[in-house]
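Student: If you scroll down you'll find the structure; I have some questions about it.
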Ligand SMILES: *Cc1c(COP(=O)(O)O)cnc(C)c1O
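In the working numbering, the protein residues as written are 57 to 439.
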């Protein structure tokens, strides 16, 4: 019998990289019941606590009554329904672009967007710490791919100068998902005209979070260059599901005709689009949620013991770098026994020897939740 499956599993296991899922019963929130145990949740991307918000749930329920559940076909066949179009208009206005297009997930968005903007005469310049969906998108595109050291604008500029490619595309996370650091968008945008390049900003962790009105990293850094293409997910701070591209009308027309993950997949259930619209309403009507988030982030950072390596993260993603993969997973397991759920992150998600506890803070946490977590972290790291 073919032994590929068992051999692969053994290899992964021997490297200490076997992954397994824990089951959350009940709702998502500042604390959850995980594997039967109540724990403070510090590894969710539901940054504003909208996944279980009454107005978001109500919108989804009303939409199910009005539109049914499934969309039954792709958008281009017969699955395009009112809530999809309404949500796209909402995203377009939120991002202040000519148009916007909904995708079924952020992963699929990056695959579709980067492939559609590439051909054999294209060079893609991708930050080394970009999300896995960008890495996979580069592999699937026909472009030549150049990876530059994390946030290193000088290296990026050198690569741009050396490249003879006709079409140049730079892609970066706005907020890096495992470090919490912010991309130097202003400096990168300064290279666009000189090199006739486009810039994709993946704002999965910044949409709804960064910027005075939650419009993301470009708003936070004051970047308005017309060659910037915005990508974001509805599954994180917006507490819903799905993702989007926002940019010029012609970009969106191109994607509708060329982005394969858009064309060849069933449309999102309309109720999910309606839930996302309600999430935008809450996010825009309650700016105090963002104030609370930053208050919590400050409180948590001030409470961390001296000498802990958090890579200087300025955002709600706070890596506590442990180094060794097995020790990281051991600490994560012990924390859960103390009622604190923080997932350990290992290679290949992060570079070798930088395994970490990736803490994410949300607006829904109370100071008691954070105090409890800080005490448990202090105990575990001291052992
Ligand atoms: C989570 C994430 C994605 C994928 O978004 P989904 O909607 O969850 O598929 C893409 N890019 C980055 C940087 C992410 O963190």
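All C-beta atoms in this analysis are idealised placements derived from N, C-alpha and C, irrespective of residue type, glycine included. Being a predicted model, the structure only gives us computed values, none of them experimental.
1) Rounded to whole angstroms, what's the CA-CA distance from residue 188 to residue 281? Just pull it up for me.
2) Specify, as a first and last residue, the run of the alpha helix (DSSP H) that residue 68 falls within.
3) According to DSSP, is residue 403 helix, strand or coil?
4) Going by the beta-carbon positions, is the gap between residue 159 and residue 174 smaller than 8 angstroms?
5) Among 185, 374, 405, 119, which one has its Cα closest to the Cα of residue 433?
6) Thinking C-beta only, is residue 115 closer than 8 angstroms to residue 330?
7) Grab me the residues of residue 44's own chain with a C-beta within less than 7 angstroms of its C-beta, minus the 5 sequence neighbours each way, in chain order.
8) Only counting the same chain, and skipping five residues up and downstream in sequence, which positions put a Cβ closer than 6 angstroms to that of residue 224?
9) Suppose you measure from the CA of residue 371 to the CA of residue 313; what does that come to, to the nearest Å?
10) Give the DSSP-derived three-state secondary structure of residue 328 in the structure shown.
11) Residues around ligand 1, please: the condition is that the C-beta lies closer than 5 angstroms to some non-hydrogen atom of it.
12) Which residue spans inside the stretch 173–220 form an unbroken beta strand (DSSP E) run of at least 3?
13) Once DSSP output is grouped into helix, strand and coil, what is the label at residue 224?
14) Please list, in chain order, all residues of the same chain as residue 381 whose beta carbon is under 6 angstroms from its beta carbon, the five residues on each side excluded.
15) Between the stretch 275–289 and the stretch 129–142, can you find at least three pairs of beta-carbon atoms closer than 8 angstroms?
16) Within the same chain, show all residues whose beta-carbon is closer than 7 angstroms to that of residue 127, passing over the 5 residues directly before and after it, in chain order.
17) Do you know offhand how far residue 360's Cα is from residue 354's?
18) So, does the stretch 141–161 touch the stretch 295–303, judging by three or more C-beta pairs under 8 angstroms?
19) For ligand 2, any of its heavy atoms closer than 7 angstroms to the Cβ of residue 188?
20) For the alpha helix (DSSP H) that residue 347 lies in, which residues bound it at each end?
21) When burial is assigned at 16 or more other CB atoms within 10 Å of the CB, is residue 190 buried or exposed?
22) Helix, strand or coil for residue 297? Go by DSSP, reduced to three states.
23) Would you decide whether residue 143 is buried or exposed? Buried here means 16 or more other CB atoms lie within 10 Å of its CB.
24) Could you give the residue range of the alpha helix (DSSP H) that holds residue 127?
25) Roughly how many angstroms separate the alpha carbons of residue 436 and residue 407, rounded to a whole number?
26) Do you know whose CA, among 228, 241, 243, 216, lies nearest residue 260's CA?
27) For residue 335 and residue 296, I'd like the C-alpha separation in whole angstroms.
28) Assuming residue 379 and residue 388 form a contact by the criterion Cβ under 8 angstroms, report the distance between their Cβ atoms to the nearest whole angstrom.
Tutor: Let me lay it out:
1) Within the chain shown, the letter at position 132 stands for residue 188. Within the chain shown, the letter at position 225 stands for residue 281. Whole-angstrom Cα-Cα distance: 26 angstroms.
2) Walking along the chain shown from the start, residue 68 turns up at place 12. That run of the alpha helix (DSSP H) goes 60–70.
3) As a first step, residue 403 must be located in the chain shown, where it is residue number 347. Coil at residue 403, not helix or strand.
4) Sequence index remark: in the chain shown, residue 159 carries index 103 (1-based). Sequence index remark: in the chain shown, residue 174 carries index 118 (1-based). Cβ atoms of residue 159 and residue 174: not closer than 8 angstroms.
5) To locate residue 433, count along the chain shown from 1; it is residue 377. With respect to the C-alpha of residue 433, the residue from 185, 374, 405, 119 having the closest C-alpha is 374.
6) Taking the chain shown and counting its residues from 1, one reaches residue 330 at position 274. Taking the chain shown and counting its residues from 1, one reaches residue 115 at position 59. Cβ distance < 8 angstroms, so residue 330 and residue 115 count as in contact.
7) Outside the displayed range of the chain (57 to 439) lies residue 44, so it cannot be described from this structure.
8) As a working mapping, residue 224 is identified with position 168 in the chain shown. Cβ neighbours of residue 224 beyond the five flanking positions: 179, 251, 253.
9) Working through the chain shown from its first residue, we reach residue 371 at position 315. Working through the chain shown from its first residue, we reach residue 313 at position 257. Distance between the alpha carbons of residue 371 and residue 313 is about 37 angstroms.
10) Position 272 of the chain shown, counted from the first residue, corresponds to residue 328. The three-state secondary structure of residue 328, taken from DSSP, is helix.
11) 161, 162, 163, 187, 189, 229, 233, 258, 260, 289, 291, 299
12) 178–183, 200–204
13) Mapped onto the chain shown, residue 224 falls at position 168. Looking at residue 224 - three-state DSSP - the assignment turns out to be strand.
14) As a working note, residue 381 is residue 325 in the chain shown. Excluding positions up to five away in sequence, the list reads 72, 402, 411.
15) no
16) Here residue 127 is taken as the residue at index 71 of the chain shown, counted from 1. If we look at residue 127 and ignore the five residues flanking it on each side, its Cβ neighbours are 135, 137, 322, 323, 324, 325, 326.
17) Working through the chain shown from its first residue, we reach residue 360 at position 304. Working through the chain shown from its first residue, we reach residue 354 at position 298. One C-alpha to the other measures close to 10 angstroms.
18) yes
19) Looking for ligand 2 in the displayed structure turns up nothing; the ligands present are ligand 1.
20) Within the chain shown, the letter at position 291 stands for residue 347. Residue 347 -> alpha helix (DSSP H) spans 344–359.
21) Sequence index remark: in the chain shown, residue 190 carries index 134 (1-based). Residue 190 comes out buried.
22) Here residue 297 refers to the residue found at position 241 when the chain shown is read from its first residue. Note: residue 297 maps to coil in three-state DSSP.
23) As a working note, residue 143 is residue 87 in the chain shown. Residue 143 comes out buried.
24) Position 71 of the chain shown, counting from 1, holds the residue named residue 127. Element bounds for residue 127: n/a, residue is neither H nor E.
25) As a working mapping, residue 436 is identified with position 380 in the chain shown. As a working mapping, residue 407 is identified with position 351 in the chain shown. Near 23 angstroms, if we compare the C-alpha coordinates of residue 407 and residue 436.
26) Mapped onto the chain shown, residue 260 falls at position 204. If you compare the alpha carbons of 228, 241, 243, 216 with that of residue 260, the shortest gap goes to 228.
27) Residue mapping note: residue 335 aligns to position 279 of the chain shown, counting from 1. Residue mapping note: residue 296 aligns to position 240 of the chain shown, counting from 1. Answer to the nearest angstrom: the Cα atoms are 8 angstroms apart.
28) As a position in the chain shown, residue 379 is number 323, starting the count at 1. As a position in the chain shown, residue 388 is number 332, starting the count at 1. Between residue 388 and residue 379 the Cβ distance is about 14 angstroms, and since that is not below 8 angstroms, they are no contact.
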